[in-house]
Structure formats: structure tokens, C-alpha cells
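Enquirer: If you want my numbering, it's the position in the sequence shown, counting the first as 1, plus 3.
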Amino acid sequence: MYLKDVEIFCEVASRCSFSKAAEAHNMSQSSASHAVNALERRLGKQLIDRSKRPLELTPAGRIYYEGCREMLRAFRAVEDRVQGLENRVSGVVRVAAIYSVGLLQMDVLIRRFEEAFPDVEVRVEYRHPDEVYEAVRSGEAHLGLVSFPRDGGDFASVSWQEQEMVVVVPPTHRFAAMDSLRAADLDGEDFVTFDTGLAVRRQIDRWLRAAGVSVNVSHAFDNIENAKRAVEVGAGIALLPRPTLARELELGSLVAIALADARWTRPMGIVQRRHKKLSAAAKSFVELLRSEAGSPAKAEPAAEPTVAGSV
Numbered sequence: 004m005y006l007k008d009v010e011i012f013c014e015v016a017s018r019c020s021f022s023k024a025a026e027a028h029n030m031s032q033s034s035a036s037h038a039v040n041a042l043e044r045r046l047g048k049q050l051i052d053r054s055k056r057p058l059e060l061t062p063a064g065r066i067y068y069e070g071c072r073e074m075l076r077a078f079r080a081v082e083d084r085v086q087g088l089e090n091r092v093s094g095v096v097r098v099a100a101i102y103s104v105g106l107l108q109m110d111v112l113i114r115r116f117e118e119a120f121p122d123v124e125v126r127v128e129y130r131h132p133d134e135v136y137e138a139v140r141s142g143e144a145h146l147g148l149v150s151f152p153r154d155g156g157d158f159a160s161v162s163w164q165e166q167e168m169v170v171v172v173p174p175t176h177r178f179a180a181m182d183s184l185r186a187a188d189l190d191g192e193d194f195v196t197f198d199t200g201l202a203v204r205r206q207i208d209r210w211l212r213a214a215g216v217s218v219n220v221s222h223a224f225d226n227i228e229n230a231k232r233a234v235e236v237g238a239g240i241a242l243l244p245r246p247t248l249a250r251e252l253e254l255g256s257l258v259a260i261a262l263a264d265a266r267w268t269r270p271m272g273i274v275q276r277r278h279k280k281l282s283a284a285a286k287s288f289v290e291l292l293r294s295e296a297g298s299p300a301k302a303e304p305a306a307e308p309t310v311a312g313s314v
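#1: E235 and L112 - do their beta-carbons sit closer together than 8 Å?
#2: Could you compute how far the alpha carbon of L148 sits from the alpha carbon of F224?
#3: If I follow the unbroken alpha helix (DSSP H) through N292, where does it start and stop?
#4: Mind checking which residues open and close the alpha helix (DSSP H) that includes F151?
#5: Going along the chain, which residues of its own chain have a beta-carbon closer than 8 Å to the beta-carbon of E192, five neighbours each way excluded?
#6: Counting C-beta neighbours from all protein chains within 10 Å, is the total for M74 16 or more, i.e. buried, or is it exposed?
#7: Can you pull the DSSP bridge partners for T268?
#8: Rounded to a whole number of angstroms, what is the C-alpha to C-alpha distance between L46 and M30?
#9: With a Cβ-Cβ cutoff of 8 Å, do S183 and A249 count as a contact?
#10: May I ask you to report which of helix, strand or coil DSSP gives A238?
#11: Relative to the C-alpha of D83, which residue among V15, V123, D110, G105 is closest?
#12: Could you check how far apart the C-beta atoms of R126 and V98 are, in whole angstroms? I think they sit under 8 Å.
#13: Name, in chain order, the residues that DSSP records as bridge partners for H222.
#14: Please look up how many angstroms separate the CB atoms of I273 and L146, rounded, as I've assumed it's under 8 Å.
#15: When burial is assigned at 16 or more other CB atoms within 10 Å of the CB, is K231 buried or exposed?
#16: Nearest to G64 by CA position, among R76, L42, P57, V85, is which residue?
#17: Among S150, E167, M168, which residue has its Cα nearest to the Cα of S160?
#18: Would you say V216 and D198 are within 8 Å of each other, going by their C-beta atoms?
#19: In angstroms, rounded to a whole number, what distance separates the CA positions of V96 and L6?
#20: Assign G215 to one of three DSSP states: helix, strand, or coil.
#21: Using a 10 Å radius around the Cβ and a threshold of 16 neighbouring Cβ atoms, would you call L292 buried or exposed?
#22: Please look up how many angstroms separate the CB atoms of R269 and Q166, rounded, as I've assumed it's under 8 Å.
#23: Mind checking which residues open and close the beta strand (DSSP E) that includes E124?
#24: With respect to the alpha helix (DSSP H) encompassing A35, which residues constitute its N-terminal and C-terminal limits?
#25: Give the DSSP-derived three-state secondary structure of V111 in the structure shown.
#26: Exposed or buried, what is P121 when buried is set at 16 or more other beta-carbons lying within 10 Å of its beta-carbon?
#27: Would the beta-carbon of L242 fall within 8 Å of that of V314?
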């Protein structure tokens with residue numbers, strides 16, 4: 004229990020939020036708060052200044068956080084070494100994923116994997132892209148699932164999926180009745196896109212520029228969920244990955260139109276720390292992800308979590 008409390012405290016400290024930490028650990032906010040309170044009582048020190056928004060660590064909290072992060076890294080490394088001694092595939096695979104991977108898609112994959120390897124538990128946490136890389140870098144996660152994956156420096160990546168980018172419009176838009184579009188048809192349209200700091204925004208801008216297309220950016224978001232809601236209310240059209248639209252297409256709240264003269268895709272990749280050997284369980288999970296690439300989204304709608312997630 005003490006180790007679990009430490010894990011929750013580190014999550015609260017890294018996210019500056021009890022609610023986000025609770026969500027990551029699949030618990031109530033009050034339970035996350037209780038865990039931190041228990042540590043503070045044990046130490047006789049306040050670790051988090053709850054009067055600040057966002058939350059801030061106290062001087063004691065900063066010292067404790069750095070020490071606990073090192074302790075957790077060492078503990079997980081020992082676990083990995085012990086599990087690596089066994090011939091059978093067993094242990095825990097820790098995965099950090101961007102939200103737009105889709106909860107249902109991951110649930111399907113995890114269920115298949117744990118049926119094949121009953122001695123392995125897969126734990127997935129959904130995060131902002133930068134937080135996914137930090138979790139992999141720090142050893143908090145064995146694997147990261149991201150779009151437009153980095154491959155260099157601290158990280159090595161392998162391809163996972165190539166998701167078709169489609170033009171997304173509300174049912175009332177004049178494009179909604181069309182079977183396909185040309186890239187040039189987007190010229191002059193009000194456009195819902197992503198924040199400039201995101202790789203997907205930079206790629207979309209490159210695609211449009213190469214096609215000689217100029218759009219009127221009406222809204223920019225850091226996540227797909229908000230972009231979809233903006234298109235639904237008529238704020239503009241968007242370019243989004245088809246697998247993230249299953250729910251809206253089924254409900255009829257959005258229409259997706261393929262581009263006839265362009266093949267634009269969002270690459271999804273699996274990242275790990277460079278030069279860090281994966282456990283047998285983590286390797287097996289990577290193999291399953293790559294062998295099943297794309298199939299869960301076709302088999303069942305890849306629903307998004309209710310909390311908006313980054314692309």
C-alpha cells in the first residue's frame with residue numbers, strides 16, 4: 004500500500020492535479036487525495052500546496068518527489084530483471100498512450116494479449132504526447148503509443164498503423180453529399196485544426212501548402228475530441244484520422260469524405276528507450292500490436308475517452 008501511495012503522489016506531482024492522477028490510476032479523486040494525505044501524515048510534512056492552481060509542490064514535496072521517482076525507477080528495473088529470469092512470458096507491461104489511440108481499441112488488444120499470455124498484466128495510461136515520451140524516458144512506461152513518432156536521441160520507434168486522413172464535415176455542409184473530394188476543393192474553407200506545437204498540425208500545414216491550398220483557420224485545439232465537436236457545430240471542416248471517427252459516423256453527427264487525389268495518413272508508432280532491452284512480455288506485446296495493426300478499429304468502433312485527449 005505504501006508503494007502505491009508513492010506512485011499516486013508522483014502522478015499528482017507530475018500532472019499538478021488530483022483528478023488527472025486519479026483518472027490515470029482508475030480511482031476516485033478522493034482516493035488519490037487520501038493516498039497523498041497518508042504520506043503527509045507519515046512524514047509530518049505537507050507535500051503539496053493545495054491552495055495553488057495548478058497544484059504546486061512544497062519544498063519538502065520537491066525533495067520527496069525527486070527521491071520517489073528514483074526509487075520507483077529502481078524498483079521497476081528490479082522487477083524487469085527478475086521477470087526476465089523466467090522462461091515463460093510473465094510480468095507487467097506498462098504502456099503510455101495518447102488519448103486518440105482509443106480506449107475500446109486498446110481494450111480489444113489487451114484482451115487478446117492477456118488471453119494469449121495469462122501471466123502478463125498490461126497497464127495503460129493515457130497522456131499528452133510530451134508526457135508519453137517523458138514516461139518512456141524515465142522508465143515509468145516500457146512502451147509509448149504516439150502519432151508521428153520520434154526516432155532518435157533517447158528514443159527508438161517502430162511503425163504501428165497508417166491511419167487515413169479524411170475531410171470531416173457536418174451533415175449540413177455542401178461536401179456531405181460528395182463521394183470524394185480533391186485537395187483543391189478545400190481552398191478557402193473555414194478550417195478546424197490543431198495547435199501549432201503539435202506534429203499533426205505541422206504535417207497538415209505541409210500537405211495543404213504542397214497542394215497549393217489556403218484555408219481560413221477558425222479554431223485550433225490540442226486534441227481530436229474538441230476538433231470533432233467544433234466541426235459538429237459548424238465551425239469549419241477538418242482533416243482527421245478515420246479510425247477516430249467511428250462513433251460520430253455511426254451516429255451521423257459527422258460525415259467523412261476521402262480525398263481522391265491525395266494519400267494523407269497519420270503514422271502511429273511504438274516508442275521505447277533506445278538501448279534499453281525490453282522484457283519478453285513487452286516484446287510480445289509489441290509483436291501483437293504490429294500483427295493486429297488496424298484490425299480492432301474495423302471490428303469495433305474505436306471510441307474516444309470522455310476526457311479530451313491530445314493527438
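All C-beta atoms in this analysis are idealised placements derived from N, C-alpha and C, irrespective of residue type, glycine included.
Expert: The answer reads as follows:
#1: Start at 1 with the first residue of the sequence shown, and residue 112 comes out as number 109. Start at 1 with the first residue of the sequence shown, and residue 235 comes out as number 232. Not in contact: L112 and E235 (Cβ atoms no closer than 8 Å).
#2: As a working mapping, residue 148 is identified with position 145 in the sequence shown. As a working mapping, residue 224 is identified with position 221 in the sequence shown. Cα to Cα, the separation comes out at about 20 Å.
#3: Position 289 of the sequence shown, counted from the first residue, corresponds to residue 292. Looking at the sequence shown, residue 292 is not Asn but Leu. Note, L292: alpha helix (DSSP H), 283 to 294.
#4: The sequence position of residue 151 within the sequence shown is 148, counting from 1. Unbroken run through F151: none, as it is neither H nor E.
#5: Taking the first residue of the sequence shown as 1, we reach residue 192 at position 189. Excluding residues within five positions, the ones whose Cβ falls inside 8 Å are V218, N219, G239, I240.
#6: Reading the sequence shown from its first residue, position 71 is the one you call residue 74. By the neighbour-count criterion, in which a residue is buried when 16 or more other Cβ atoms sit within 10 angstroms of its Cβ, M74 is exposed.
#7: Walking along the sequence shown from the start, residue 268 turns up at place 265. Its beta-bridge partners are E167.
#8: In the sequence shown, residue 46 corresponds to position 43, counting from 1. In the sequence shown, residue 30 corresponds to position 27, counting from 1. Whole-angstrom Cα-Cα distance: 24 Å.
#9: The residue given as residue 183 occupies position 180 in the sequence shown. The residue given as residue 249 occupies position 246 in the sequence shown. Not a contact, by the Cβ cut-off of 8 Å.
#10: As a working note, residue 238 is residue 235 in the sequence shown. Annotated three-state conformation of A238 is coil, per DSSP.
#11: Translated into positions along the sequence shown, residue 83 becomes position 80. Its Cα nearest to that of D83, the residue V123 stands out among V15, V123, D110, G105.
#12: By one-based count along the sequence shown, residue 126 stands at place 123. By one-based count along the sequence shown, residue 98 stands at place 95. Contact holds; Cβ gap of about 7 Å.
#13: Your numbering for residue 222 matches position 219 in the sequence shown. Residue pairing by DSSP places H222 opposite V195 in a beta bridge.
#14: Taking the first residue of the sequence shown as 1, we reach residue 273 at position 270. Taking the first residue of the sequence shown as 1, we reach residue 146 at position 143. The pair is a contact, with the Cβ atoms about 6 Å apart (cut-off 8 Å).
#15: If you number the sequence shown from 1, residue 231 lands on position 228. Around the beta carbon of K231, 16 or more other beta carbons lie within 10 angstroms, which makes this residue buried.
#16: Reading the sequence shown from its first residue, position 61 is the one you call residue 64. Looking only at R76, L42, P57, V85, the smallest Cα-Cα distance to G64 is reached by L42.
#17: Here residue 160 is taken as the residue at index 157 of the sequence shown, counted from 1. Answer by Cα proximity: S150.
#18: The residue you call residue 216 lines up with position 213 of the sequence shown. The residue you call residue 198 lines up with position 195 of the sequence shown. V216 is not a Cβ neighbour of D198, given a cutoff of 8 Å.
#19: Here residue 96 corresponds to residue number 93 of the sequence shown, with the count starting at 1. Here residue 6 corresponds to residue number 3 of the sequence shown, with the count starting at 1. Between V96 and L6, the C-alpha separation is close to 18 Å.
#20: For the purposes of this step, residue 215 is taken as residue 212 along the sequence shown, with counting starting at 1. Coil at G215, not helix or strand.
#21: By 1-based counting over the sequence shown, the position of residue 292 is 289. It is buried - the Cβ of L292 has at least 16 other Cβ atoms within 10 Å.
#22: If you number the sequence shown from 1, residue 269 lands on position 266. If you number the sequence shown from 1, residue 166 lands on position 163. Right, their Cβ atoms sit about 4 Å apart.
#23: Counting from 1 along the sequence shown, the entry for residue 124 is found at position 121. Element bounds for E124: 123 to 130.
#24: One-based indexing of the sequence shown puts residue 35 at position 32. Counting along the chain, the alpha helix (DSSP H) containing A35 begins and ends at 32 to 46.
#25: On the sequence shown, position 108 is the one that residue 111 refers to. Per DSSP, reduced to three states, the secondary structure at V111 is helical.
#26: Position 118 of the sequence shown, counting from 1, holds the residue named residue 121. So P121 counts as exposed.
#27: Walking along the sequence shown from the start, residue 242 turns up at place 239. Walking along the sequence shown from the start, residue 314 turns up at place 311. With contacts defined as CB atoms closer than 8 Å, L242 and V314 fail to qualify as a contacting pair.
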